[in-house]
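See structure below.
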Amino acid sequence: MFAMIRNIVAATAVAVFAAGPVAAEALPVPTGEIVLTVTGDIQVTNQGDSAVFDAEMLKALGEVTYQTSTPWTDGVQSFTGVSLHRLMEVLGVAEGSLKATAINDYAIDIPVSDAVENGPILAYLQNGQPMSVREKGPLWVVYPYDLNKDYQAEVIFSRSIWQLVRLDVTDD
Amino acid sequence: MALGIKQDRSRRRRMRALPTVVLSAALVGIVLCVLSITFLANTVQREVEALAVANSDTTQWSLVQSEVELLALQVAIHDAEHQLVPNLAEVRRRFDIVYSRIRLIAESNQFANLRNSPEAAESLALLSAFLDRHTPSIDGPDDALVAHLPDLSRDVEALRATGRDFSLLGVRFYAADSDAKRESVARTLASIGYFTLALVLALLGGIAILMAMFRRSIRSERVAGDARNRLEEVIATSLDGIIATDIDGRVIEYNGAAERVFGYARAEAIGQDMADLVVPEHMRAAHNAGMKRYRKTGERHVVGKGLIRMEARRKDGTIFPVELSLSSATFGGREIFVSFLRDISDRVASEQELILARDRAVAGELAKAQLLAVMSHEMRTPLNGILGTIELLQDSTLSAKQERFIAAMKTSASLLLHHVNGVLSMSRAEAGQLDLQETEIDPAGLLQELVESQRHMIEANGNQIKCNTSSAPDQILVDPLRLRQVILNLVGNANKFTRHGEILVECDTIADSQQVEFRVIDTGIGIAESDHERIFDEFQTLDTSYSRQAAGTGLGLAISRRFVEAMGGEIGVDSEPGEGSLFWVRLPIGSHVQPDLKDDAAGTLTPAPSDPVTPLQPMRVLLVEDNQINRLVAREMLQKAGHQVIEAHDGREGVHLANMQAFDVILMDVSMPELDGVAATRIVRGTEGPNHATPIIALTAHALPEDTRRFLAAGINDILLKPLSMSTLQRALARANHAPPVADTASSSISTVFADLSEQLGPAKAAQLLTAFRTEAEALVNRTTSASWAAEPDVARAQAVHKLAGSASVLGATHLRTCLQALEDNYRSGQTTAAETRLLDLAQIWAATRKEIERLARVAPSDQGRPISDSAAPSAN
């Protein structure tokens, strides 16, 4: 209840002050298999308190492709996905942190401040191919390590969570 | 010494260079340190980045996670085996996760190093084999999977140990890897530390050197500042104007003295062209040309050439003399000129005054000398007349009164002559015309003779004179005439200032030295010590009662001093008023050389010594004199002495007469109109006449040493200084009679030949020979005077003359022989006129010779007075 009031206030604030694409759009209901569930302090939901996405919905948010090497792969790879920035924008999240959880319950905190343009993406294509669970799919948080030296850091590597299934937005 | 300075200088140079070298080394060291540290820091950064990028913790987590995932798969399989409806989806999900894990290990860069170890490769192969075997069942239908579950479960069980081993292997591997990396980083950091330390030390060293250099530069600046201040003080207080200019002549420094000298203020002068300021207009072109030349070629005419006197200009336009010293110096690569200028107006003015004064003094001296020379000549010529006439007058018959007058006249005239001689002698001595004629003499004899000659005069003043020569040297080399004059002067002075006292003349050798000392000591009035120096100066007379009585020119002592000094000696006085005086003369004894110097060539200035003159044979004298009175005086004197005088009124007549007949001596006045005595002498000597070798005595009022030489060079044998006196004339004639040029067999006179013959043949025989010769000669002379002689042929006459000439030669009748030889020549060459003149001579010479023969023959025993040969009787044929 309290959260809802706050959400409404925030939504209003966004509506009044942001006046643009940030304005909460109603998320479509996923038709395919759900690949990502976002919970917590989000402005837009489509399943209870959560926002759930299938592959098509993520793809609809806009594709970003990077060429970069990673510590876990051999050679330069091409990664395609939705930028975290865009996702946060869609969900009306501007601050706080994201608790990202993998399929095997690996969990890590990603500050919302990481979600910048030309920042991390939720990749669903590696070298143009969908990633299976065996290949760290279906979603993998990939930072453009080669494009920005700041991303070649252990903290960033630890945030590069693969087999991602859940994001929980907290306000701290 | 110079080397030391050089070494010192080079050491200083090295010491100056040292900090620079050290500083350079320090700088190089610092740069190297900085480069090393930068390199190491880069290395560290890379390694730290590598550590940051490849964190082994997450890698190990991944390995352990694989084991966890394997365990989770086992749990899922176990659950499915015991469930009614087995949860195959979970099994498949877990299998996929394990699959992704194993793929990660097999592919990820993170494990690239680990995969290289053989144990890891083996484990990885097992894991891959597991995946390969079970993936088809997982991907297959459910029932087949269910059936496969036990198999899968067993393999997973088996694989867990492998997974475990792999994890532990990773732990060990990455621990070692981390250690290596840490060590590497630690080493790099340690290197950085060392290099940093080195850098700090180098920087500290550099700072120390910089501090030292800074301190030294402060110190040297202070020293330079002090030096500059001192120099500025020196320049400011310099009495000389100092103007420094740059190479273009612009004034850059100008001191206070320059302000005073040139009149421009410093502010006016600085920056101006020096040429416009101080160089006079007429020198400006030369100055500018010089500067231009120097700028162009570097050729210096004035710079560094020491003091140069030139002209400069003041602000008000006046030109004045300066002394300039110009030097150049280089400051900071720019050359400047420094001029030291001294105003020497005063000095030049005083120099000119001095020159003027000197010129005046010289002119005055010259005028004085000329006056003295003229005076002495002009005065002595009439004096000559007066004294000569007085002497003649004395010989005539006079009343007693007249004789007194004549005596007074003679005294006055003699005194006047003495004064004139004194002045002339002084002026000559002053002109440095002393011509010393040194000869060896016996000083004791000289003194004794001198004392005797003065005794009468001294006793007239009531004085007594004594002579002490007991310790005098035997011989001394002096100019006897000068010495005599000096001693005479001293004795004369002593007599002047002493009444009824004693005068002592001494002479002795000064012990341990080659000097002889003469002393003239009197018991007279003495001389105050303050006057001891002054009395030797010219024209000094002491104002005493005696000196007023005793007239004097005040030259005596001055002349004496000059003579003594010219002879290399000293003269001095010891005296006290009332006690008397002691005058001393010290002279070098001299060496024993040239004992036969002519002692009297021009020495007729001395008072005539009263030595007796031996009477001479009568001589034929040619007197050449243009002055009537002098001629008269000389003739009277000569005739009085028994000589025959032939007079010539001038030089021409003298030469003419000398060519006509033979004379025994010629008295030749020097200064005559047209042909003077010297020229006339030359003609006589240059002609093969009868007087070619006749002694010629010059008569002159002035005989300076160079004149004497000139006279002698012309052929004059002797010089007589006017005015003539009987005694000097007699002595001169006596000298002429024995002078070598007249007759080189002078020694072989008739008397000496006679003496020789007497010794060899006995006096009787000698007298006989002499008498025979007289007869022979008498016969010839008689024959020549007879009328028939002129009729005889020349050859016969020549033969007759020749015969007698031979006899004359044997017997030493020199004059006769000379005359006969000349006569023979005349006849042989047909000079009958000359022969006739010479016949007159022959008669006279024969008269003199006969007189001599008769004298000698009388002396000899004359028991046989008859002629040797009767055949020598005059022959008529």
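Listed in order, the protein sequences are those of chains D and E.
Per this note's numbering: the first sequence = residues 1 to 172.
Per this note's numbering: the second sequence = residues 1 to 877.
C-beta: ideal position from N, C-alpha, C; glycine also.
> Is there contact here, the region 112-120 of chain D with the region 82-99 of chain D, by at least three beta-carbon pairs under 8 Å?
Replying inline: Yes: the two stretches touch, three or more of their Cβ pairs being nearer than 8 Å.
>> Please state the DSSP three-state secondary structure of T752/E.
In response: Under the three-state reduction of DSSP, T752/E is assigned to helix.
> Which residues in the same chain as G263/E place their Cβ atom closer than 7 Å to its Cβ, once the five residues preceding and following it in sequence are excluded?
Replying inline: So the list reads R314, K315 and D316, once near-sequence residues are dropped.
> Got a sec? Which residues, its chain only, sit under 6 Å from P280/E by beta carbon, not counting five neighbours each side?
Replying inline: The beta carbon of P280/E is closer than 6 Å to those of E311, R313 and I319 in its chain, skipping five residues each way along the sequence.
> Straight-line CA distance for L104/E to S128/E?
Replying inline: Cα-Cα distance, rounded: 11 Å.
> Hey, is I161/D's beta-carbon within less than 8 Å of any beta-carbon in chain E?
Replying inline: Taking Cβ atoms only, chain E never reaches closer than 8 Å to I161/D, which makes this a no.
> Grouping DSSP H, G and I as helix and E and B as strand, with all else coil, what is V48/E?
Replying inline: V48/E: helix per DSSP, three-state reduction.
> List, in order along the chain, the chain D residues whose C-beta lies closer than 7 Å to that of S137/E?
Replying inline: Result: empty, since nearest Cβ-Cβ is about 15 Å, beyond 7 Å.
> Hey, T31/D and V165/D: beta-carbon distance below 8 Å or not?
Replying inline: Cβ distance not < 8 Å, so T31/D and V165/D don't count as in contact.
> Residues in the region 70-82 of chain D with C-beta within 7 Å of chain E's C-beta atoms, listed in sequence order?
Replying inline: Only those residues of the region 70-82 of chain D whose C-beta falls short of 7 Å from the nearest C-beta of chain E are listed: P71, W72, T73 and D74.
> How long is the line joining the alpha carbons of P150/E and S158/D, rounded to whole angstroms?
Replying inline: When rounded, the distance between both Cα atoms is 36 Å.
> Does the beta-carbon of Q126/D have 16 or more other beta-carbons within 10 angstroms, so that it is buried, or is it exposed?
Replying inline: Result: buried.
> With which residues is L622/E paired in a DSSP beta bridge?
Replying inline: When beta bridges are read from the DSSP output, L622/E appears opposite I646/E and I666/E.
> Hey, out of G524/E, I525/E, I218/E and E81/E, whose CA is closest to A147/E's CA?
Replying inline: Checked all of G524/E, I525/E, I218/E and E81/E; the closest Cα to A147/E is E81/E.
> Hey, E502/E and D508/E are a contact pair by Cβ (cut 8 Å); roughly how many whole angstroms apart?
Replying inline: Not quite, the Cβ-Cβ distance comes to about 19 Å (not below 8 Å), so this is no contact.
> Which one of Y143/D, D172/D, T170/D and V82/D has the shortest CA to CA distance from I226/D?
Replying inline: The structure shown does not extend to residue 226/D, since chain D spans only 1 to 172, so no value can be given for it.
>> Please state whether the Cβ-Cβ distance between E253/E and A244/E is less than 8 Å.
In response: Yes; because the gap between Cβ atoms is below 8 Å, this pair is in contact.
>> Given this structure, state the Cα-to-Cα distance separating R561/E from R620/E, to the nearest angstrom.
In response: Rounded to whole angstroms, R561/E to R620/E spans 43 Å at the Cα level.
> When you compare each of I42/D, D172/D, L147/D and E154/D to F79/D by their alpha carbons, which one comes out closest?
Replying inline: It is L147/D.
>> Can you tell me whether S786/E is buried or exposed? The criterion is at least 16 other CB atoms within 10 Å of its CB, across all chains shown.
In response: So S786/E counts as exposed.
> Going by other Cβ atoms of all chains shown within 10 Å of its Cβ, with 16 needed for buried, is G686/E buried or exposed?
Replying inline: So G686/E counts as exposed.
> How is D744/E classed by DSSP in three states: helix, strand or coil?
Replying inline: Residue placement at D744/E cannot be trusted, given a pLDDT of 34 that sits under 50; the coordinates are not used to answer.
> Run through DSSP, which three-state label would T694/E get?
Replying inline: In the structure shown, the three-state DSSP call for T694/E is coil.
> Quick one: Cα of E565/E to Cα of T833/E, how far?
Replying inline: Each residue's Cα considered, the two are about 58 Å apart.
>> With a threshold of 8 Å on Cβ separation, who are the neighbours of L88/E within its own chain once the five nearest residues in sequence on each side are excluded?
In response: The beta carbon of L88/E sits closer than 8 Å to the beta carbons of A80, D142, L145 and V146 from its chain, once the five residues preceding and following it are set aside; these are given in chain order.
>> Using the three-state DSSP reduction, which class does N495/E fall into: helix, strand or coil?
In response: Secondary structure at N495/E: helix, using DSSP grouped into helix, strand and coil.
> According to DSSP, which residues form a beta bridge with I34/D?
Replying inline: According to the DSSP secondary-structure assignment, I34/D is paired through a beta bridge with D54/D.
> Would the region 574-591 of chain E and the region 463-481 of chain E be scored as touching if the rule is three or more Cβ pairs under 8 Å?
Replying inline: Between the region 574-591 of chain E and the region 463-481 of chain E, the count of C-beta pairs closer than 8 Å reaches three or more; the two stretches touch.
> For R774/E, which residues of its own chain have a beta-carbon under 7 Å away from its beta-carbon, when the five flanking residues on both sides are left out?
Replying inline: Answer for R774/E: R850 and I853, listed in chain order.
>> Along the region 133-146 of chain D, where does the CB come closer than 7 Å to a CB of chain E? Name the residues.
In response: Residues passing the 7 Å Cβ filter: V133, R134, E135 and K136.
> Just curious, the beta strand (DSSP E) that P111/D is in, first and last residue?
Replying inline: Run containing P111/D: A107 to P111, per the beta strand (DSSP E) assignment.
>> I believe I270/E touches N255/E by the beta-carbon criterion, under 8 Å. Please report the beta-carbon distance rounded to the nearest angstrom.
In response: In fact, because the Cβ distance is near 11 Å, the residues do not count as touching under 8 Å.
> Taking Cβ to Cβ, would you say V251/E is nearer than 8 Å to D343/E?
Replying inline: V251/E is not a Cβ neighbour of D343/E, given a cutoff of 8 Å.
> For the region 74-97 of chain E, which residues have a beta carbon sitting closer than 8 Å to at least one beta carbon of chain D?
Replying inline: Answer in chain order: R93, D96 and I97.
>> Which of the three DSSP states is assigned to H592/E in this structure?
In response: Low per-residue confidence applies at H592/E: pLDDT is 43, beneath 50, and the placement is therefore not dependable, though the value from the model is reported in the following sentence. Per DSSP, reduced to three states, the secondary structure at H592/E is coil, with no helix or strand assignment.
> Taking 8 Å as the CB-CB cut-off, is N104/D touching chain E?
Replying inline: It does: the Cβ of N104/D has a partner Cβ on chain E nearer than 8 Å.
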